[in-house]
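Offset between the sequence shown (1-based) and the working numbering: plus 87. For each residue, glycine too, the CB sits at the ideal point set by N, CA and C.
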Amino acid sequence: MKNFLRLCSALLAFAAVIISATAAEPVTIALKAARMFDGKSKALITNAVVIVEGDKIIDAGSNLPIPQGAQVIDLGDATLSPGFMDAHTHLTADFSGNYNQRRLQEVDLNVSEQAIIATTHARATIEAGFTTVRDLGSRFVGSKEFVDVALRNAINHGVVPGPRMLVATYGIGATGGHFDPTAGFRDMLFGREPDYSEGIADGPDAIRKAVRFEIKNGADVIKAAVSGGVLSLTDEVDTPQFTPPEIAALVDETHRLRKKVAVHCHGDQAAKDAIEAGVDSIEHGSFLKPETLQLMKTKGTWLVPTLMATEWILGKLDSYPPALQAKAKAAGAARTEMFRNAVKLGLKIGFGTDAAVYPHGMNAKEFKLMVDLGMPPIEALRAATAANAELFGLSAKVGTLEKGKLADIVAIPGDPTADITATERVSFVMKEGKIVKQSR
Ligand SMILES: [Zn+2]
88 MKNFLRLCSA LLAFAAVIIS ATAAEPVTIA LKAARMFDGK SKALITNAVV IVEGDKIIDA
148 GSNLPIPQGA QVIDLGDATL SPGFMDAHTH LTADFSGNYN QRRLQEVDLN VSEQAIIATT
208 HARATIEAGF TTVRDLGSRF VGSKEFVDVA LRNAINHGVV PGPRMLVATY GIGATGGHFD
268 PTAGFRDMLF GREPDYSEGI ADGPDAIRKA VRFEIKNGAD VIKAAVSGGV LSLTDEVDTP
328 QFTPPEIAAL VDETHRLRKK VAVHCHGDQA AKDAIEAGVD SIEHGSFLKP ETLQLMKTKG
388 TWLVPTLMAT EWILGKLDSY PPALQAKAKA AGAARTEMFR NAVKLGLKIG FGTDAAVYPH
448 GMNAKEFKLM VDLGMPPIEA LRAATAANAE LFGLSAKVGT LEKGKLADIV AIPGDPTADI
508 TATERVSFVM KEGKIVKQSR
């Protein structure tokens, strides 16, 4: 017995030696660049150095000493920034082409094929510098699938490259509203009316059921359409789609389960109802009047303006049916004043683009649209980093370049505060300490 114990302890000691010899030392990387936007400061910092060890930032600042043995990557005349975050994407879809062709394709393509295509959207997004996204709604008419959950998990497991995703599964909406997947198709073409299992819910109890069902199936955030939308055929763009008791049930059930509610909303009345009920963010917000924006300020509601979405549609109006063209024009005309008012009021503004309405990977074009409508460049950068981290509930992990944060870092050529379009040409992308893209 004694000998056996001795043998066991010898084996354990041997195993310990092997483990310590094979456990790789975390690699230390020192990133250098002419400037840095750290997510917190009101101005860029010069002679930037960010030290990364393993998946984390261990130090960031100006002229820091380089630790011995660190791999130095000198990015030259560039600006380091926290990885960009997009609060409003749809990585499992592409709505950017001709509307009717796309609708046909939606019922034509096998969902598995759409899932494989979605991996290319994820890659385009991270290569554009977006290391975290909220994916606000994924659906396949006539099929009940959770492709966004699968994509998120595949990215987390390192199977495919892509941004960290917070997914919403199905957008929750009313029968015939913006999220009804069968709206506009012949009655009963798919053999049934959609229900909670495709995000369609009428009445407070059905809405609670939909929220519970989505979280059960992997939703990180809840998305709902409280007003009509642009790219849907049986609703007006600004009409309320849920009653106040329905919205109250949506918010109450989601917050009970410790998730946030993002609501698609163009219309002013719907926004008032949603803000009063305590939603976390209003997405789009095209027709919001100054007093409604003031209400958001009082309640601390976020605005995610998604300027890129209307910008893209207005640039390709001929690709959409006449009824949708009229809705896009009305929303586009209203959103300019709304956004200027929101900036003036100092609302909490998140950076979101509605990727899928335009081709994936062009997310950074939103920066210029925000700046052109009166947001200072440094504030636009903050919206896409530290502000979004707060909106996402991820401030402890990402959004700034500082000790202890995950090493999600991008390099923007030149100085983005002098030319905000430089954000569209990121030369370097790192996610959790791993280099995803490095241009030579
Ligand atoms: Zn959207």
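DSSP state of residue i mapped onto helix, strand, coil
{"i": "A174", "result": "strand"}
{"i": "P268", "result": "coil"}
{"i": "T330", "result": "coil"}
{"i": "L191", "result": "helix"}
{"i": "G148", "result": "strand"}
{"i": "L382", "result": "helix"}
{"i": "Q201", "result": "helix"}
{"i": "F479", "result": "helix"}
{"i": "Q155", "result": "coil"}
{"i": "H371", "result": "strand"}
{"i": "P169", "result": "strand"}
{"i": "P248", "result": "coil"}
{"i": "D222", "result": "strand"}
{"i": "S284", "result": "helix"}
{"i": "T115", "result": "strand"}
{"i": "M395", "result": "helix"}
{"i": "G387", "result": "coil"}
{"i": "T504", "result": "coil"}
{"i": "T206", "result": "helix"}
{"i": "H342", "result": "helix"}
{"i": "E214", "result": "helix"}
{"i": "G448", "result": "coil"}
{"i": "G184", "result": "coil"}
{"i": "R122", "result": "strand"}
{"i": "S230", "result": "strand"}
Whether residue i touches residue j by CB criterion (8 Å)
{"i": "G264", "j": "G286", "result": "no"}
{"i": "L178", "j": "A209", "result": "yes"}
{"i": "P250", "j": "T218", "result": "yes"}
{"i": "V220", "j": "D181", "result": "no"}
{"i": "R279", "j": "E340", "result": "no"}
{"i": "P291", "j": "E333", "result": "yes"}
{"i": "N304", "j": "V236", "result": "yes"}
{"i": "L320", "j": "A270", "result": "yes"}
{"i": "V198", "j": "S230", "result": "yes"}
{"i": "F300", "j": "S314", "result": "no"}
{"i": "A120", "j": "A451", "result": "no"}
{"i": "V391", "j": "S183", "result": "no"}
{"i": "V136", "j": "A165", "result": "no"}
{"i": "I203", "j": "K490", "result": "no"}
{"i": "I496", "j": "P464", "result": "no"}
{"i": "D360", "j": "P331", "result": "yes"}
{"i": "A474", "j": "I436", "result": "yes"}
Limits of the unbroken alpha helix (DSSP H) element including residue i
{"i": "F454", "result": "K452 to D459"}
{"i": "P464", "result": "P464 to R469"}
{"i": "A415", "result": "P409 to L432"}
{"i": "D292", "result": "P291 to K303"}
{"i": "D235", "result": "V234 to N243"}
{"i": "I362", "result": "D355 to A364"}
Contact with chain B by residue i, beta-carbon distance below 8 Å
{"i": "D355", "result": "In the structure shown, chain B cannot be found, because there is only a single protein chain."}
Alpha-carbon spacing of residue i relative to residue j, whole angstroms
{"i": "G520", "j": "A364", "result": "40 Å"}
{"i": "M425", "j": "L401", "result": "17 Å"}
{"i": "G126", "j": "G170", "result": "10 Å"}
{"i": "A417", "j": "P446", "result": "23 Å"}
{"i": "T510", "j": "R427", "result": "22 Å"}
{"i": "A312", "j": "E370", "result": "9 Å"}
{"i": "K492", "j": "S514", "result": "21 Å"}
{"i": "A396", "j": "E323", "result": "17 Å"}
{"i": "K376", "j": "A421", "result": "10 Å"}
{"i": "R190", "j": "G387", "result": "37 Å"}
{"i": "F374", "j": "V516", "result": "36 Å"}
{"i": "Q381", "j": "W389", "result": "12 Å"}
{"i": "G486", "j": "D502", "result": "19 Å"}
{"i": "Q525", "j": "G448", "result": "16 Å"}
{"i": "A306", "j": "A349", "result": "12 Å"}
{"i": "E140", "j": "Q356", "result": "50 Å"}
{"i": "T440", "j": "T393", "result": "4 Å"}
{"i": "K310", "j": "H351", "result": "7 Å"}
{"i": "E453", "j": "M383", "result": "22 Å"}
{"i": "L337", "j": "T133", "result": "46 Å"}
{"i": "P248", "j": "R239", "result": "10 Å"}
{"i": "M123", "j": "K129", "result": "11 Å"}
Start-to-end residues for the beta strand (DSSP E) that takes in residue i
{"i": "Q158", "result": "Q158 to D161"}
{"i": "F515", "result": "F515 to K518"}
{"i": "K310", "result": "I309 to A312"}
{"i": "K521", "result": "K521 to Q525"}
{"i": "V348", "result": "V348 to C352"}
{"i": "E323", "result": "Premise fails: E323 is in no beta strand (DSSP E) and is neither H nor E."}
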